[in-house]
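Protein chains: 2
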Amino acid sequence: MGTIRREGPRCAGTLRDSTFGSTPLNLEAQWITGFVDGEGCFHVGINAHSDMKCGYQVLPEFIVVQHERDVQLLEALKRHFGCGVVRTNHGDRMAYRVRGHRHLLEHIIPFFEKHELKSKKRADFAKFRRIVRMMEAGDHLKEEGVEEIRRIASQMNRGADKIKSDPIGNGRE
Amino acid sequence: MGTIRREGPRCAGTLRDSTFGSTPLNLEAQWITGFVDGEGCFHVGINAHSDMKCGYQVLPEFIVVQHERDVQLLEALKRHFGCGVVRTNHGDRMAYRVRGHRHLLEHIIPFFEKHELKSKKRADFAKFRRIVRMMEAGDHLKEEGVEEIRRIASQMNRGADKIKSDPIGNGRE
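As you go down the protein sequences, you meet chains A and B in turn.
Under the working numbering, the final residue of the first sequence carries the number 173; numbering is consecutive throughout.
Under the working numbering, the final residue of the second sequence carries the number 1173; numbering is consecutive throughout.
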């Protein structure tokens, strides 16, 4: 396959990588957009958190879940974006997750601004971007900011497949 | 968006099209490959059928299922491939299905030969292609051919999400 290259020393591979072969995939931007239109999710969690000034923690994350047999695709996404983690999600499902604020702001958001989604997830992405930018401005540390974020987040992922929550923070970066 | 064009007279649009807007999407090959890596399925049904000489009917089909909110993506796939049907699958799910033997042989299979899947569905596609070619040679009309097809089909879609069957042939071309 033209887009497969031999694994070099920079990609030593994990134990799990080796389960699925040692030739990492190079992904084209349009493939990523199509795959994320199908399998991706832009999610904003808002949790009560006593350590936070306003009583809430806002957790935006970009997630792609796959059966473990295709974990090499998640590893390839991680390599492409240069951020995030690939961990077990639930059972035989693996997830690529990006939660780091700067990673979302500097890697994930610019990519999907340049390569627009074609599904209704495009609208979720726009809301997600708005929330991440509000956080950049510190709005999530103020009561009225959290309320606005909660309002925007409540309009996301309607009618879409629900992602399973990760209450123990297993996939935390 | 650069890939959106105005609807021309050749694409008059259906009632359902108009629900989601009248600007059909142009899909790039890599987007389709990524989307099908996520959402597509190559499936071969083998059903007892008294009209058939060998007692069985072999039904290969290419399927992409989506929530109805993204039916425009399925319509865009149909336009791109120039074959197949978009119909209700189950509940609020729609499906793009290609069952026509010549359509599979001349449109679907050449596309995925040229634009290789990156997920483990690539192995399912190879088996699917083998079965469609065996049918082209008439093997599905012979008892030993059906047995071989059954053996190959039993190794497909292992560990993948199961597609819902369509026992009443709702999506039949």
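We treat Cβ as the ideally placed atom computed from N, Cα and C, and that holds for glycine.
Values in this document were obtained by computation on a predicted structure and should not be read as measured data.
Here the segment 64-71 of chain A does not lie against the segment 1065-1076 of chain B, with fewer than 3 beta-carbon pairs under 8 Å apart. An exposed status is given to A:Asn47, since fewer than 16 other beta-carbon atoms sit within 10 Å of its beta-carbon. Residues of chain A whose Cβ lies closer than 9 Å to the Cβ of B:Asp1037 are, in chain order, Trp31, Gly34, Phe35, Gly38, Glu39, Asp70 and Leu73. Secondary structure note for A:His43: it is in no alpha helix (DSSP H), and the uninterrupted beta strand (DSSP E) holding it is Gly40 to Ala48. The beta carbon of A:His107 is closer than 7 Å to those of Phe81, Gly82 and Cys83 in its chain, skipping five residues each way along the sequence.
The CB of B:Lys1120 comes closer than 7 Å to the CB of Arg69 and Asp70 in chain A, given here in chain order.
Between the segment 1112-1127 of chain B and the segment 1036-1044 of chain B there are three or more C-beta pairs closer than 8 Å, enough to call the two in contact.
Nearest neighbour of B:Glu1147 by Cα position, chosen from B:Tyr1056, B:Arg1093 and B:Val1132, turns out to be B:Tyr1056. B:His1140 and A:Lys118 have their C-alpha atoms spaced approximately 39 Å apart.
For A:Tyr96, the closest of A:Met52, A:Ile149, A:Gln72 and A:Gln155 by C-alpha to C-alpha distance is A:Gln72. Distances from the alpha-carbon of A:Arg99 to those of A:Asp92, A:Lys78 and A:Arg93 put A:Lys78 closest.
Ranking B:Gln1155, B:Lys1121 and B:Gly1138 by CA distance to the CA of B:Met1052 puts B:Gly1138 first.
Under the 10 Å beta carbon count, A:Glu144 is surrounded by fewer than 16 other beta carbons and is classified as exposed. Residue pairing by DSSP places A:Ile63 opposite A:Cys41 and A:Arg97 in a beta bridge.
Proximity of A:Leu77 to chain B, defined by a Cβ-Cβ separation below 8 Å, is not satisfied. Per DSSP, A:Arg150 is not a residue of any beta strand (DSSP E); the alpha helix (DSSP H) it occupies stretches across Glu143 to Ala153. Residue contact check for A:Glu28 against chain B: a CB pair falls below 8 Å.
Contact annotation: B:Gln1030 and A:Gly38 have beta-carbon atoms that are not nearer than 8 Å. In this structure, DSSP gives B:Arg1102 a helical state, which the three-state scheme calls helix. Taking the Cα of B:Val1036 as reference, the smallest distance to any Cα among B:Met1135, B:Phe1111, B:Val1132 and B:Gln1155 is reached at B:Phe1111. For A:Leu141, not one C-beta of chain B is nearer than 8 Å to its own C-beta. Per DSSP, the beta bridge partners of B:Arg1087 are B:Ala1095. In this structure A:Glu28 is buried. Its beta-carbon is surrounded by 16 or more other beta-carbon atoms within 10 angstroms. By the criterion of a C-beta distance shorter than 6 Å, A:His103 is surrounded in its chain by Cys83, once the five residues flanking it on both sides are discounted.
The C-alpha of B:Glu1116 is placed about 22 Å away from the C-alpha of B:Glu1136.
Taking a 10 Å sphere around the C-beta of B:Glu1113, we find fewer than 16 other C-beta atoms and assign the residue as exposed.
Take B:His1049, set aside five residues on each side of it, and the residues of its chain with a beta-carbon closer than 8 Å to its own are Gly1055, Tyr1056 and Gln1057, in chain order. For A:Leu25, the nearest CB of chain B lies under 8 Å from its own CB, placing it at the interface with that chain.
Annotated three-state conformation of B:Leu1074 is helix, per DSSP.
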